[in-house]
Amino acid sequence: MRNPNVELLLFLKNRLALKAHTKQELVELWQDRNDSGIDEKTVDRNVEFMERLGYEVMRGFDNRKRIYRIIDDYENEILEKIENHLRISETPELANSEIVASAPVQRGIQWVPLLLESINNCRTIEFEHHPYTSDPSKKEVCPVILKEYQGKWHLHGYDIHRKKYRTYGIDRIRDLKQLDKYDWNLLPDLEKEISFFKSRLGAAMPLPGYFKKGDIQPEIIQLRVSDFYLNYLKSKPMHSSQEIIEDDVIHLKKLDTKEAMGFTLVKYYLVPNYDLVKFIMSQLGDVTIENPGKLKKYVNDKFHNLITHISGKHTYTKMD
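Position 31 of the sequence shown, counted from 1, bears residue number 31 in full-length UniProt numbering, the numbering being contiguous throughout.
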């Protein structure tokens, strides 16, 4: 493992997912398997960082000693994804093997360990940002949180010069450097911003025109999911807020085959954005919107001609 912070986070996550440990136990277990030592303050800092990543940590006492235990960690597989990438990239027989079939690695993935370290240690970063539609520019950012969605990684942080929170695809980051420490507590509306970022599927901004200005809030999204696709959501939840209502099932009949299929109610707490709409539409009828009615109307009004656009009819004309 190239990055000691990633290795330590994985060690703590794996230990605390199995059973509760005191800080002293974690220090001793780490030192038993590593040349470098850690102290209890390092344990505290890394456990707090795991909570910021989305892990639910239980705190308690055993004989007056503070103990930690991870209760639920399915919400955020970010550490496992980093570990898997590092393991494959550092093992030539896997990285170049024809027996390992996977999607191409996203450009910029090499920055993830340094970004994780910068967030954990509250260090500002500097990089050159290469947008798709404008010229490159230098950025100085207080990194706040990383998110991976469908193989794409995004950094969310506070742009020091623009004085606002921004999201950056790591594939557009070049020449990343770690700079000075910053005070996490001085960032404006930080907890609210993290909560807002987590309540978006992927990294896309809220649907344009859906909310009134200044009134962007997560909503309870109710979807109907077919028996076929429900198994996929059970094995890999789409979002941490996913709630499957097993006893709320309706049966619908396909118009073409007359085949009947059950559709179960699945709830989410999300800010509607294009990633949510793309998820729903990409399932080709296996996922439908039940509520809110406002979202159903928005999708119908904006995308009812989607098939025409995809097929190219009435969208473009050949140039002479």
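All residues carry an ideal CB built from backbone N, CA and C; glycine is no exception.
Which partner residues of residue 322 appear in the DSSP bridge assignment?
Any property of residue 322 remains undetermined from this structure, which presents the chain solely from 1 to 320.
For GLY202 and ARG64, what's the separation of their Cα atoms in angstroms?
Taking the sequence shown and counting its residues from 1, one reaches residue 202 at position 202. Taking the sequence shown and counting its residues from 1, one reaches residue 64 at position 64. Distance between the alpha carbons of GLY202 and ARG64 is about 41 Å.
Please name the residue, chosen from ASP180, TYR229, LYS163, SER241, that lies closest to SER195 on a Cα-to-Cα basis.
Sequence index remark: in the sequence shown, residue 195 carries index 195 (1-based). The option with the nearest alpha carbon to SER195 is SER241.
Which word fits THR133, buried or exposed, when buried means at least 16 other C-beta atoms lie within 10 angstroms of its C-beta?
Translated into positions along the sequence shown, residue 133 becomes position 133. So THR133 counts as exposed.
Reducing DSSP to helix, strand and coil, say where VAL271 ends up.
Stepping through the sequence shown from its first residue, residue 271 is reached at position 271. Of the three classes helix, strand and coil, the one that applies to VAL271 here is coil, per DSSP.
Considering only residues of the segment 226 to 297, which uninterrupted alpha helix (DSSP H) runs meet the minimum length of 4 residues and lie entirely inside it, listed in chain order?
Taking only runs of at least 4 residues, the alpha helix (DSSP H) segments lying wholly in the segment 226 to 297 are 227 to 235, 274 to 282.
Per DSSP, SER137 forms a beta bridge with which residues?
For this step, residue 137 is matched to residue 137 along the sequence shown. Answer by DSSP bridge pairing, in chain order: HIS129.
Kindly list the residues whose CB is nearer than 6 Å to the CB of ASN120, restricted to its own chain and excluding five residues on each side of it in sequence; keep chain order.
Stepping through the sequence shown from its first residue, residue 120 is reached at position 120. These residues qualify, in order along the chain: ASN5, PHE49.
Look at the alpha carbon of SER36 and the alpha carbon of GLU148, and state the distance between them as a whole number of angstroms.
Reading the sequence shown from its first residue, position 36 is the one you call residue 36. Reading the sequence shown from its first residue, position 148 is the one you call residue 148. Going from the Cα of SER36 to the Cα of GLU148 covers about 30 Å.
Closest to ARG162 by C-alpha separation, out of VAL141, PHE211, SER282, PRO136, would be which residue?
In the sequence shown, counting from the first residue as 1, residue 162 sits at position 162. Ranking the options by Cα distance to ARG162, first place goes to VAL141.
Would you mind working out which of HIS239, MET238, GLY262, LYS253 sits nearest GLU246, comparing C-alpha positions?
On the sequence shown, position 246 is the one that residue 246 refers to. Per the Cα distances, GLY262.
Under 8 Å, do LYS19 and GLU40 count as touching if we go by C-beta distance?
As a first step, residue 19 must be located in the sequence shown, where it is residue number 19. As a first step, residue 40 must be located in the sequence shown, where it is residue number 40. Cβ atoms of LYS19 and GLU40: not closer than 8 Å.
Closer than 7 Å by C-beta to ARG174: which residues in its own chain qualify, once you throw out the five before and the five after it? Chain order, please.
The residue labelled residue 174 in the question sits at position 174 within the sequence shown. Cβ within range, chain order: PHE127, GLU128, HIS130.
What does DSSP give as the partner residue(s) for TYR168 in the beta ladder?
Position 168 of the sequence shown, counted from the start, is the residue given in the question as residue 168. LEU155.
In terms of residue numbering, what span does the alpha helix (DSSP H) encompassing LYS177 cover?
Working through the sequence shown from its first residue, we reach residue 177 at position 177. Where LYS177 is concerned, there is no enclosing alpha helix (DSSP H), although the beta strand (DSSP E) it sits in stretches over 173 to 181.
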